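A short write-up of the structure that comes next.
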Amino acid sequence: MEDTSRPFELPRVAVVITCFNYRPYVEQAIRSVLAQTYRNWECVIVDDASTDGSADHVRQLLRDIDDPRLRLLARTENGGQTAGFRDGFAATDAPFVAFLDADDVWLPDFLLAHLSANLNTTHSAALSSSDVFLVDGDGTLLGGTFLALRKPRSGADRSGVAIAPGGRLAGMAPGIAYASEHPVTYFAPAVTGWLWSQCSAIMYRRGALEPVLSFPFKAKVGTDYLTATLAHQAGGSLILSEGLGLYRLHGSNLSTGTAFAGGNVRQTPAYRSYRSVLAADAADYLLANSAWLSDLNGRNFIAAFLTQHVRQFPELAGDPRLARYLTRGQPWRRLRLHIAQRLRRLGGRNSTGT
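Just so it is clear: in the sequence shown, position 15 is 414 by the numbering used here, and no numbers are missing.
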């Protein structure tokens, strides 16, 4: 007899594996998707015109595996990470989307943990990010955390909201019940700066990601900086403190700042050049969408974000379009707010006689 006690279906997750010349690693990435404990997924492997035989290798692998959830999309021209994201996104229609670099690996509970967090009964979000273990090209463990991830490391983060696990939804849908001793924290769009781990550790809601990927960015790589930073503005982020994947450091990673990754690439001219393109792309997106983002997050949101953005990317300070948001009055407004808050506290103490 069919069970009709649950009035809904659990969502499908679209997995997009982006590959360019990662023939030695792509099979392990694919098999880590096959090993997921949450089974309701579809997976598109986007080969970005690899020259090392990656596409043929994947094609043969999919024939051997014979799982209809797996598909290969082989590009005839190299377009970079942004093109791979867009093609994979367009080839799927699931309400949740996760990107996996072909040189990285998911642990079996990655999809389950992220989906359970996103379907919590406390606070929804535009995206979620988990911690990762760092390994070298041969899979040797190098580190146990991604330091930039905004997870609690020495007590609760006052900028975030702790998310309680489980609840009635988990009872109604045991398929997404996930118990973990690692905390989950929600950060609102107003919390700026890099909050997340790396590309392969993030899951997005399709509705939050769609306007971002449809924007005409100039950047071809570093796309996860744009997708995470800009999707966050639509609904905030959930940060999972648990390590749920392996981030491979093989010496040719484009943007890692980890000293043991084969050299600090953040000092190279190539990194500095692509960083400037990403900075300009993010500012362009924000200005083009300032009306609805202000409606969503408040009229001071754009100025606050751009102030932090220019602090992070000083090369944008000369952009005349940003001048109206970066006025000298900003520090004085913050000072007035601080003084007003202190006066309210003093007034409260006086009214209670303390």
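All C-beta atoms in this analysis are idealised placements derived from N, C-alpha and C, irrespective of residue type, glycine included.
Keep in mind that this is a model prediction, so the values were computed, not measured.
Rounded straight-line distance, which links the Cα of residue j to that of residue i
i	j	result
residue 630	residue 590	13 angstroms
residue 541	residue 572	37 angstroms
residue 664	residue 569	With a pLDDT of 46 at residue 664, under the threshold of 50, the predicted position of this residue should be treated as unreliable, and no value is reported.
residue 459	residue 423	14 angstroms
residue 632	residue 426	34 angstroms
residue 712	residue 406	48 angstroms
residue 754	residue 690	Nothing about residue 754 can be read from this structure; the chain reaches only from 400 to 753.
residue 717	residue 701	17 angstroms
residue 722	residue 539	48 angstroms
residue 558	residue 584	9 angstroms
residue 662	residue 645	Annotation note: pLDDT 44 at residue 662 (below 50); position unreliable, coordinate value reported separately. Cα-Cα distance, rounded: 19 angstroms.
residue 680	residue 618	7 angstroms
residue 625	residue 745	43 angstroms
residue 526	residue 637	6 angstroms
residue 556	residue 640	12 angstroms
residue 410	residue 668	43 angstroms
residue 648	residue 421	13 angstroms
residue 417	residue 547	23 angstroms
residue 551	residue 455	43 angstroms
Status (buried if at least 16 other CB within 10 Å, exposed otherwise) for residue i
i	result
residue 599	buried
residue 415	buried
residue 444	buried
residue 727	Its pLDDT being 46, under 50, residue 727 is placed unreliably by the model, and the measurement read from it follows with that caveat. Exposed: under 16 other Cβ atoms inside 10 Å.
residue 715	buried
residue 436	exposed
residue 530	buried
residue 464	exposed
residue 453	buried
Residue i in three-state terms, based on DSSP
i	result
residue 723	coil
residue 757	Missing from the structure shown is residue 757; the chain here goes from 400 to 753 and no further.
residue 460	helix
residue 576	coil
residue 670	helix
residue 684	helix
residue 476	coil
residue 700	helix
residue 436	coil
Segment contact, 8 angstroms Cβ cut-off, at least three pairs: the region 595 to 607 with the region 670 to 689: no
Check whether the region 485 to 496 and the region 583 to 597 are in contact - that is, three or more C-beta pairs closer than 8 angstroms. no
Please confirm if the region 427 to 439 is in contact with the region 496 to 511, defined as three or more CB-CB distances below 8 angstroms between the two stretches. The region 427 to 439 is in contact with the region 496 to 511.
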